[in-house]
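*Asks:* Numbering (the numbering used here), first residue to last: 19 to 455. We put the CB at the ideal spot given by N, CA and C, even for glycine.
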Ligand code: IFM
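1) Less than 8 angstroms between the beta carbons of residue 85 and residue 69, yes or no?
2) Around the C-beta of residue 229, are 16 or more other C-beta atoms found within 10 angstroms, so that it is buried, or is it exposed?
3) Consider the C-beta atom of residue 40 and the heavy atoms of ligand 1; say whether any pair is separated by less than 7 angstroms.
4) Going by CA-CA distance only, name the one from 420, 211 and 310 that's closest to residue 52.
5) Is the segment 248-256 close to the segment 335-349, with three or more CB pairs under 8 angstroms?
6) What's the gap between the Cα of residue 150 and the Cα of residue 365?
7) Spell out a yes or no on whether the segment 90-109 and the segment 33-51 are touching, meaning 3 or more CB-CB pairs, one atom from each, closer than 8 angstroms.
8) Whether or not the segment 432-452 and the segment 117-136 are in contact is what I'm after, with contact meaning three or more pairs of Cβ atoms, one per stretch, closer than 8 angstroms; do they touch?
9) Where does the unbroken alpha helix (DSSP H) through residue 354 begin, and where does it stop?
10) What did DSSP end up calling residue 369 once you bin it into helix, strand or coil?
11) Would you mind stating whether residue 175 and residue 236 have Cβ atoms separated by less than 8 angstroms?
12) Cα separation between residue 244 and residue 329?
13) With distances taken Cα to Cα, identify the nearest neighbour of residue 439 among 46, 67 and 82.
14) For residue 240, which three-state DSSP category applies?
15) Three or more C-beta pairs under 8 angstroms: does that hold for the segment 256-264 against the segment 125-134?
16) Keeping to the same chain, check which residues put their C-beta closer than 7 angstroms to that of residue 192; ignore five residues upstream and five downstream.
17) Following a CB-centred definition, is residue 445 positioned closer than 7 angstroms to any heavy atom of ligand 3?
18) Under DSSP, the beta strand (DSSP E) around residue 306 begins and ends at which residues?
19) If I'm right that residue 221 touches residue 302 with Cβ under 8 angstroms, what's the distance once you round it to whole angstroms?
20) What does DSSP give as the partner residues of residue 432 in its beta bridges?
21) Please report the residue range of the beta strand (DSSP E) in which residue 408 lies.
22) If you count every other CB in all the chains shown that lies within 10 Å of the CB of residue 352, and 16 or more means buried, which is it?
23) What is the residue span of the beta strand (DSSP E) that residue 183 lies within?
24) Using DSSP with H/G/I as helix, E/B as strand and the rest coil, what is residue 123?
25) So which of 62, 158, 66 and 47 has the shortest CA-CA distance to residue 77?
26) With a Cβ-Cβ cutoff of 8 angstroms, do residue 179 and residue 234 count as a contact?
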């Protein structure tokens with residue numbers, strides 16, 4: 019790595035992230051069924067119909083995984099709590115084993131000097147709630163706040179930070195408009211409802227956690243740089259629309275009390291009745307914002323229905339996901355969010371990393387270069403005055419990459435999915451040296 023820890027301000031936090039369904043093994047410990055289990059069991063949705071029943075078996079191997087995180091020299095560990103593990107039916111009965119698991123997990127982080135950075139929901143909706151419409155149902159905001167209370171009554175006393183929902187865009191758009199994630203819908207009304215309710219859910223969970231006395235509460239949004247394919251007004255408008263529903267919609271709700279007008283142009287006819295009355299609730303004061311960033315998209319216009327655009331092949335080198343490598347986008351978003359939305363609020367890069375067709379014994383140079391270039395973009399943003407307080411690598415372990423199954427490897431640590439053996443990659447060792455320096 020070109021960078022070293024001492025390039026960053028005193029107290030800057032380096033961490034690595036994972037999420038519950040992607041690593042824990044939902045077949046263990048009394049977890050309820052999630053909509054990812056049923057989505058994966060439906061032919062055609064997930065590569066080889068792979069699911070998260072075993073995943074990395076983190077449920078039984080978390081001590082070893084946290085040893086690896088600590089030995090790398092990380093300051094913190096970003097994890098998520100599974101709603102279905104804690105409340106198998108989504109409401110009502112609590113699974114004591116699930117609560118005990120998170121209790122042990124958090125203690126194990128603290129024993130190793132890792133600050134717990136929690137996310138309450140990273141997509142494993144209990145099926146009983148999916149049956150009731152999931153994120154399309156306005157009541158989900160209250161169900162989610164109840165879950166927030168149950169889990170944080172148990173572990174909230176030991177959190178460094180908490181965010182309610184990982185990547186609202188994925189919960190709203192990717193899952194209800196593009197159908198790539200559970201519940202696999204392709205419907206604009208479902209999308210508009212889910213995009214709004216993910217924010218009312220966020221807000222009610224923040225209120226519930228404040229009522230418990232928790233501090234350092236934030237939100238984690240994902241961002242993609244939207245590159246028009248050329249400079250024609252049509253391409254510029256198409257890219258702007260993409261930027262609107264991807265990057266500006268959730269920030270508008272969280273920080274400006276309003277959704278962007280160019281997104282409402284498409285979504286307003288489909289929004290839930292009375293949505294405007296929720297905007298004050300959605301704007302709950304936050305203590306920080308997390309940005310997940312990986313890539314840019316090249317966008318061109320089409321003559322179809324709103325949003326009237328196509329994703330086009332870009333010219334830049336790509337990761338195993340087919341995502342263009344564009345570190346300039348991270349610098350752009352850090353400075354843009356700071357200037358236009360969050361002001362003095364601390365920002366965190368809460369996810370960044372790449373998947374690669376790793377084989378053990380390879381030198382892992384692509385991931386090292388990817389991480390180095392993105393950390394350099396973050397460093398530049400700090401020099402430009404952005405109050406960036408931490409950087410989180412995705413991911414500690416190779417894991418379940420949702421509809422793409424176990425094939426896409428994002429880990430700093432290789433996982434053999436037959437033996438479940440963990441082996442640190444060269445990028446793990448390179449980061450470890452950079453963090454010690
Ligand atoms: O694996 C995902 C994670 O669950 C959310 N952010 C992006 C990662 C890579 O696709």
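*Replies:* In this structure, then:
1) no
2) exposed
3) yes
4) 420
5) no
6) 35 angstroms
7) yes
8) no
9) 346-355
10) strand
11) no
12) 10 angstroms
13) 82
14) strand
15) no
16) 198 and 199
17) Annotation note on ligand 3: not contained in the displayed structure, which lists ligand 1 as its ligands.
18) 306-319
19) 5 angstroms
20) 441
21) 406-412
22) buried
23) 179-183
24) helix
25) 47
26) yes
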